[in-house]
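See structure below.
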Amino acid sequence: MSPVLPSLRWPAREALAAACACALLLVIDAGVVSRTYVGLAVVASGALALGTVIAVLLAYRAGRQWTACAMSLTAAGVSLLTTSLVEGSVLQRTPGCAELVGLLGVLCLSCRYGRPLPLTLSALASFAAIVRLAGRAPSLSDVPVLDRFDGLFPLLPAAFALLGGYLRTEDGRRRAAAERVRHSERLDLARDLHDHVAHYVTAIVVQAQAGEHIVARDADTARQLFANIEKTGQEGLAAMSRMVRLLREPGAEQQAPVTPAMTTVENLVRRFSTPGQHAWLNIEDGLDSTAWSPQLARSVERVVQEGLTNIRKHARSATTVHVLLAADGDRLVIRVRDDAARQQRGRIRFRPSGFGLVGLTERVAELGGELTSGPMPEGGWELAASLPMK
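For the sequence shown, position 116 (counting from the first letter as 1) is numbered 116 according to UniProt numbering, and the numbering increases by one without interruption.
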């Protein structure tokens, strides 16, 4: 795949400066060359080379690799033809400033943006044309000080080829960094979708399944159940609306009201309790959530939410659920426990995805914490997290 080119939105003054520089190079060539067809060929070849730089850049931007290659080969071919004319002329001995700059630009662009085969063809042709330009220049061997640079001309195209390769590497690094950012954003979005959607949808599905067995024998409980389903659905829609607003409106996250972590946890536990399945929240005395960082507070909420959601999914027989928050030195320990018998777990009609625990494990690990999930010796299941409070 060809590298993706960055946007080419030059300011007008920079475009004007580039145009003036090209015009200056052509004026220099026109003032140096003789007034013969050979001199005109030098100026024309220089103008073509400078124009090819822009055309090749636009072709690469449009993803037309072979079009860019063909234009590079054309510019190199015209330069080689001009060199053959100049070498047969006694009056004209100049490499052509515009031609040299244009071919170096084409070589650099090919090394930066070309695919392997078009790159090889374009680079070889440009390199050959630039090296042949040395034969059109006056020898420096008899000029003091400058004579030491007489054999260094072939290094000039090599330097521009290396520059193109370096820029290609930097482009790759920027794309990799951008892809890492996009991947991180996708992970955050996946976690938020799971956190905001799965919790409410699970509650709705579980209560709807329970309604199948209750509606025929207990009308009052069934009515309460359907009221809970409606309320949970409304809360889920509100949560989705908040999430969409955060995604669509820049700065909405900073403007959103902040709910204390303990309040959120209390609401989660309160909403979880249903007839036949009670949840209890135990918070260690002296535990102050106001000093928690936003990342820690959010992780605590997500651990509790994920634990309660998994109990709804996989522990229908649980009658009591305990959520415990306690300090252990400089760490905060969160435990979500149920009393469902092991052999009775998993009978509810849910196909486990595992995404919730995967995302939660990643979130906890980012804070330097640990997450465990498994059966307890005395029966039931426990989801536990240990997070640093500082």
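No residue lacks a Cβ here, since even glycine has one placed at the ideal position from N, Cα and C.
Exercise for review: Within its chain, find whatever has a CB closer than 7 angstroms to the CB of T264; leave out the 5 residues flanking it on each side and keep chain order.
Suggested key: E301
Exercise for review: Please determine, among V323, L117, G77, E235, the residue with the shortest C-alpha to C-alpha distance to V269.
Suggested key: V323
**Study point:** Within 8 angstroms, strictly: CB atoms of V336 and S386
**Key:** no
Review point. To which residues of the same chain is S273 closer than 6 angstroms at the C-beta, ignoring the five residues directly before and after it?
Key: A279
Review point. Comparing the C-beta of R174 with each C-beta of chain B, is any distance below 8 angstroms?
Key: The structure shown contains no chain B; it holds only a single protein chain.
Practice item. Enumerate, from N- to C-terminal direction, the unbroken beta strand (DSSP E) stretches of 3 or more residues contained entirely within the UniProt domain "Histidine kinase/HSP90-like ATPase" (298-389). Key: 320-328, 331-338, 370-375, 381-388
Check your understanding: To the nearest whole angstrom, what separates the beta carbons of L103 and A123, a pair I think is in contact under 8 angstroms?
Key -> L103 to A123, Cβ: 11 angstroms. No contact.
Practice item. Give the secondary structure of A62 by DSSP, where H, G and I count as helix, E and B as strand, and everything else as coil. Key: coil
Point to revise | Start and end residues, beta strand (DSSP E) containing A134 | key: Neither: A134 is in no beta strand (DSSP E) and is coded neither H nor E.
Exercise for review: Return helix, strand or coil for L287, following the three-state DSSP convention.
Suggested key: coil
Exercise for review: Would you mind giving the Cβ-Cβ distance between D288 and T319, rounded to the nearest angstrom? I have them listed as a contact below 8 angstroms.
Suggested key: Going by Cβ atoms, the distance from D288 to T319 rounds to 32 angstroms, so no, they are not a contact pair.
**Study point:** Which residues DSSP lists as bridging A279, in chain order
**Key:** V321
Exercise for review: Report back the beta-carbon spacing between L73 and L121 to the nearest angstrom; my notes put them in contact at under 8 angstroms.
Suggested key: 7 angstroms
Point to revise | Classification of R316 by the beta-carbon crowding that lies within 10 angstroms, buried from 16 upward | key: buried
**Study point:** Among F226, V42, W292, F160, nearest to M389 - alpha-carbon criterion
**Key:** W292
**Study point:** Identity of the residues DSSP links to T274 by a beta bridge
**Key:** Q277
**Study point:** Three-state class that DSSP yields for G105 in the structure shown
**Key:** helix
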